[in-house]
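In this note's numbering, the protein residues as written are 24 to 684.
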């Protein structure tokens, strides 16, 4: 970074060697790839200089009794830590009691560590949110009311955020991640985005996106250095995942350039003395499955999701130079096929302990939420199996949602034959195999139905008591929108009936989660109104005897059983000239730049309502040169009707909420 005018490096670094010295970037860290100059990492600033004593005093005054804090810390590690994994549990548990020791002893040393103090307060505040009835009764014995304590802490952290950020330490990144994700998962994404952005900038200033020492292998580091390095990586990949999630779900720009990052993946076997750390995601992971493996696979999936956002939606640094991928449908078909293969390879790598298909039929570790609530500071095989179950669910949801995101751009097109050609020598199965649009439609349909089956899983009752409740509600909401639109495109068909059954199950999932998730409450309301829209259209079709049921599923002799559905897309009604200006979104609102119209070969056809283009020549994937594609008018009409009724609320329902925190 550039030096501050009139300041020396000593001024920037500060003189207190104890404040965050472990989190500073190590010598030899490579400068960002986009520049040819070395940039020094911004070392943590001295809290004695950059933070005021009143802020420290105010935050220290929020500490509950030691016994209450201990219970809240246990609750955080029982309900939240498995999903976030932003710091080492053992280190945190050893460090936080020092806050109370110094407070009782009247010492000032730890009181000046504003970064860790803010992180600790965020931990107990989030823990307070996830206390069940049994734990609330225990807190009442110590005169602690969880909701009141949580609100006081959030108010104080929010008002002191600039003082906290000025520290520039690893704990500051952790504080921003905790505060930002809480806002993100509890109905305040407009607050979450800038807070997480602050965490990203501090992380980059600490060079968390760079290798600690590119000249030495991780095994050459001593145990303390290895531990510090793993903590740095945990923070960075947490930031990366948040950036990707916000871009995918709310259309926010992705601020991370992968070419500037050379940090290694997390090491699932980091606690083993001689376990090598993976160098990159390109090499297969060869180690025993641990509770940290989940974060490795989720980080790798985030990289793939970011590639989808960049290559298909133009979201992210440098994505504008994609050689017109957004304007050429042929290029989009190629990109979707390539990224689909990468996603399926990722799924194949998931070990059995984290594979949902393996765990779906197994029993849960806790028979009820009440039993889970009473298991304070849980550990051992029983708790580990419970965490694996939850992590497998989260990986499945993230994967399926990325599949919808990937295939959505192809969903409003279908294949037809040329007028002067027949299909006598081409089997129906061959056509389906050669049809990328039908494959994409079926992929999204299968995702929706697969996620709807989660309603029967007993783990769903337990996930509602964890930090992943909103995560589950957002992804199942996406699937609900997909099935809702699918059911409205071809009413009264077997496919529509199946979609309605799936939609009903997904609404049941939202109902189970709404006690803990504001997003689930609002998502349920919107899906219910979407269902009414579907039934209204079905009634209209039922009363219209002039058209046979399922008439829109056939075109030029090609049987299309599943009409294309582009999940949650804004499709303005066609103008009189036949032009269509469409702004695609993903199911939760990721925005395609409005200056990229989805046209064929980069040219907008102003004379015809339907745009046609020949498929590529036959290749190993089985494409046929005699097949053409057109935009599916029935899909566009259905999407337009849906947009007029509900879409504005679907994509803005979170953003329109009053900030309640």
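Cβ coordinates follow ideal geometry from the N, Cα and C atoms, glycine included.
On a CA-only basis, which of 290, 284, 470 and 507 is nearest residue 421? Give me that one, please. The residue you call residue 421 lines up with position 398 of the chain shown. Cα-wise, what sits closest to residue 421 is 470.
Assign residue 535 to buried or exposed, taking buried as 16 or more other Cβ atoms, counted over all protein chains shown, within 10 Å of its Cβ. Along the chain shown, one-based indexing puts residue 535 at 512. Buried, because 16 or more other Cβ atoms sit within 10 Å of the Cβ of residue 535.
Check whether the Cβ atoms of residue 376 and residue 108 lie closer than 8 angstroms to each other. Within the chain shown, the letter at position 353 stands for residue 376. Within the chain shown, the letter at position 85 stands for residue 108. Not a contact, by the Cβ cut-off of 8 angstroms.
Does residue 154 come out as helix, strand or coil in the three-state DSSP assignment? As a first step, residue 154 is located in the chain shown; it is residue number 131 there, counting from the start. In this structure, residue 154 counts as coil in the three-state DSSP scheme.
Are the segment 355 to 373 and the segment 384 to 398 touching, with three or more C-beta to C-beta distances below 8 angstroms? Between the segment 355 to 373 and the segment 384 to 398, the count of C-beta pairs closer than 8 angstroms stays below three; the two stretches do not touch.
Ends of the alpha helix (DSSP H) at residue 233? Mapped onto the chain shown, residue 233 falls at position 210. Boundaries for residue 233: no alpha helix (DSSP H) harbours it, and the DSSP string shows neither H nor E there.
So, for residue 378: in the same chain, excluding its five sequence neighbours on each side, which residues have a beta-carbon less than 7 angstroms away from its beta-carbon? The residue given as residue 378 occupies position 355 in the chain shown. So the list reads 415, once near-sequence residues are dropped.
Own chain residues within Cβ distance below 6 angstroms of residue 399, not counting five before or after: As a working mapping, residue 399 is identified with position 376 in the chain shown. Here the set comprises 97.
Assuming residue 413 and residue 491 are in contact, meaning their beta carbons sit under 8 angstroms apart, how far apart are those beta carbons, in whole angstroms? In the chain shown, residue 413 corresponds to position 390, counting from 1. In the chain shown, residue 491 corresponds to position 468, counting from 1. Contact between residue 413 and residue 491 holds, since their C-beta atoms are separated by about 7 angstroms, short of 8 angstroms.
For the alpha helix (DSSP H) holding residue 250, just list the boundary residues, first then last. What you label residue 250 is simply residue 227 of the chain shown in a count that begins at 1. First-last of the alpha helix (DSSP H) with residue 250: 246 to 273.
In the structure shown, what three-state DSSP assignment does residue 87 receive? On the chain shown, residue 87 is found 64 positions in, with the first residue counted as 1. DSSP places residue 87 in coil when its eight states are reduced to three.
If I measure Cβ to Cβ from residue 554 and keep anything under 7 angstroms in the same chain, skipping five residues before and after, which residues do I get? The sequence position of residue 554 within the chain shown is 531, counting from 1. Short of 7 angstroms from the beta carbon of residue 554, and not among the five residues preceding or following it, lie these beta carbons of its own chain, in chain order: 507 and 526.
Which class does residue 624 belong to by DSSP, given the choice of helix, strand or coil? For this step, residue 624 is matched to residue 601 along the chain shown. For residue 624, the predicted structure reports a pLDDT of 22, less than 50, and the residue's modelled location is therefore unreliable. The matter cannot be settled from this model.
Around the Cβ of residue 173, are there at least 16 other Cβ atoms within 10 angstroms (buried) or fewer (exposed)? As a first step, residue 173 must be located in the chain shown, where it is residue number 150. With at least 16 other beta carbons inside 10 angstroms of its own, residue 173 counts as buried.
Counting pairs of Cβ atoms below 8 angstroms between the segment 540 to 547 and the segment 508 to 524, do you hit three or more? Put simply, the segment 540 to 547 does not touch the segment 508 to 524. Fewer than three CB pairs are less than 8 angstroms apart.
Three-state secondary structure assigned by DSSP to residue 389: Counting from one through the chain shown, the residue named residue 389 turns up at place 366. Coil at residue 389, not helix or strand.
Inter-stretch contact at 8 angstroms, needing at least 3 Cβ pairs: the segment 158 to 174 / the segment 225 to 233: Remark: fewer than three beta-carbon pairs, one from each stretch, lie closer than 8 angstroms, so the segment 158 to 174 and the segment 225 to 233 are not flagged as touching.
Touch test, the segment 142 to 158 against the segment 88 to 105, Cβ-Cβ under 8 angstroms, three pairs minimum: The segment 142 to 158 vs the segment 88 to 105: in contact.
Could you check what DSSP says for residue 291 in three-state terms: helix, strand or coil? Start at 1 with the first residue of the chain shown, and residue 291 comes out as number 268. In this structure, DSSP gives residue 291 a state outside helix and strand, which the three-state scheme calls coil.
Would you be able to state if there are at least three C-beta pairs under 8 angstroms between the segment 323 to 336 and the segment 259 to 276? Enough Cβ pairs lie closer than 8 angstroms, so yes.
Measure how close the beta-carbons of residue 359 and residue 425 come, nearest whole angstrom, since I'm counting them as under 8 angstroms. Counted from its first residue, the chain shown places residue 359 at position 336. Counted from its first residue, the chain shown places residue 425 at position 402. That pair is no contact at about 12 angstroms.
Roughly how far, in whole angstroms, is the beta-carbon of residue 556 from the beta-carbon of residue 511, given that I think they are within contact range, below 8 angstroms? Mapped onto the chain shown, residue 556 falls at position 533. Mapped onto the chain shown, residue 511 falls at position 488. In this structure residue 556 is in contact with residue 511, their Cβ atoms being roughly 7 angstroms apart against a cut-off of 8 angstroms.
Helix, strand or coil at residue 135 [DSSP, three-state]: As a working mapping, residue 135 is identified with position 112 in the chain shown. Residue state, collapsed to three classes: helix.
Extent of the continuous alpha helix (DSSP H) run through residue 425: Here residue 425 refers to the residue found at position 402 of the chain shown. 404 to 430 is the span of the alpha helix (DSSP H), which, as asked, contains residue 425.
Roughly how many whole angstroms lie between the Cα atoms of residue 289 and residue 171? The residue given as residue 289 occupies position 266 in the chain shown. The residue given as residue 171 occupies position 148 in the chain shown. Those two C-alpha atoms are separated by around 36 angstroms.
Looking only at C-alpha atoms, which of 149, 405, 473 and 431 sits nearest to residue 208? One-based indexing of the chain shown puts residue 208 at position 185. That would be 149, whose Cα lies nearest to the Cα of residue 208.
With a Cβ-Cβ cutoff of 8 angstroms, do residue 160 and residue 78 count as a contact? Working through the chain shown from its first residue, we reach residue 160 at position 137. Working through the chain shown from its first residue, we reach residue 78 at position 55. Not closer than 8 angstroms, so no.
Assigned secondary structure, residue 364 (DSSP; H/G/I helix, E/B strand, else coil): On the chain shown, residue 364 is found 341 positions in, with the first residue counted as 1. Correct three-state label for residue 364: helix.
Please state if the CB of residue 501 and the CB of residue 427 are separated by a distance shorter than 8 angstroms. One-based indexing of the chain shown puts residue 427 at position 404. One-based indexing of the chain shown puts residue 501 at position 478. Remark: C-beta atoms of residue 427 and residue 501 approach each other more closely than 8 angstroms.
Only counting the same chain, and skipping five residues up and downstream in sequence, which positions put a Cβ closer than 7 angstroms to that of residue 363? Position 340 of the chain shown, counted from the first residue, corresponds to residue 363. By the criterion of a C-beta distance shorter than 7 angstroms, residue 363 is surrounded in its chain by 429, once the five residues flanking it on both sides are discounted.
In whole angstroms, what is the alpha-carbon distance linking residue 188 and residue 195? Against the chain shown, residue 188 aligns to sequence position 165. Against the chain shown, residue 195 aligns to sequence position 172. If you take the alpha carbons of residue 188 and residue 195, they lie about 6 angstroms apart.
Whole-angstrom distance between residue 494 and residue 482, CA atom to CA atom: Against the chain shown, residue 482 aligns to sequence position 459. Against the chain shown, residue 494 aligns to sequence position 471. Cα to Cα, the separation comes out at about 14 angstroms.
Same chain, Cβ closer than 6 angstroms to residue 489, five either side skipped, listed in chain order: In the chain shown, the residue the question calls residue 489 occupies position 466. Excluding residues within five positions, the ones whose Cβ falls inside 6 angstroms are 102.
Taking all protein chains shown into account, decide if residue 163 is buried (16 or more other Cβ within 10 angstroms of its Cβ) or exposed. Taking the chain shown and counting its residues from 1, the one referred to as residue 163 is at position 140. The residue in question, residue 163, is exposed, as its Cβ has fewer than 16 Cβ neighbours within 10 Å.
Segment limits, alpha helix (DSSP H) that includes residue 111: Position 88 of the chain shown, counted from the start, is the residue given in the question as residue 111. Note, residue 111: premise wrong, no alpha helix (DSSP H); not H, not E.
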